[in-house]
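The structure appears below as structure tokens.
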Amino acid sequence: MDLGISGKNAVVLASTRGIGKACAKALLEEGVNVAICGRSSEVLENTLRLAVIGFAKTLSQQVAEYGVTINNIATGFTKTERIENLIVAKSEREKKSKEEVYQGMIKDIPMRRMATPDEIANAVLFLASEKASYITGVTLPVDGGYIKSTLA
48 MDLGISGKNA VVLASTRGIG KACAKALLEE GVNVAICGRS SEVLENTLRL
98 AVIGFAKTLS QQVAEYGVTI NNIATGFTKT ERIENLIVAK SEREKKSKEE
148 VYQGMIKDIP MRRMATPDEI ANAVLFLASE KASYITGVTL PVDGGYIKST
198 LA
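The C-terminal position of the sequence shown is numbered 199 in the numbering used here, with every residue numbered one higher than the one before it.
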């Protein structure tokens, strides 16, 4: 059964109303800095990330009257096992030390380091808290200052 765009919007809106304020605050969409300052080699990924940002922005407007907030977190590099594996692979491929690869990855980050998972979690917890009850429809960069745009 094809609902079409307006049918899908109605399903999302009805589902979100049913979730209720307490649960809906946890509906934080995950974006990444590439969505705001995309890389030319990732056309499909950038398009999908921007779609998530647009979806969250639109949904936030549709559910705001119910006290529901919808926001995105745009993460930069985060020190995870996946990133560690990427560093090792790039180090082997380019015949560089892991430290050289790491330094190359963080050179454009003003804080000169990657985020920790706890720092990302803290941003999510803030947006899901009562302290952020009037913040909705935003994409919050948690990237150590990587995004240089004044519009992000």
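Using N, Cα and C, we set each Cβ at its ideal position, and we do this for glycine too. A quick note: this is a predicted structure, and the numbers were derived from the prediction, not measured.
Look at P188 here: in three-state DSSP terms it is strand. The DSSP-derived three-state label of N118 is coil.
Using a C-beta cut-off of 8 Å, the segment 183–192 makes contact with the segment 103–110, since at least three inter-stretch Cβ pairs fall below that distance. If you look at F124, you'll find it isn't in any alpha helix (DSSP H); DSSP assigns it neither H nor E.
In terms of Cβ geometry, T125 and A168 do not form a close pair [threshold 7 Å]. In the three-state scheme derived from DSSP, where H, G and I count as helix and E and B as strand, A162 is classed as strand. Secondary structure at Y193: coil, using DSSP grouped into helix, strand and coil.
Contact check for G191 against M158 passes: the beta carbons are separated by less than 7 Å. Between the beta-carbon of V189 and that of T127 there is about 14 Å, and that puts the pair past the 8 Å contact cut.
It is roughly 35 Å from the alpha-carbon of I156 to the alpha-carbon of V110. Taking the Cα positions, L174 is about 30 Å away from Y149.
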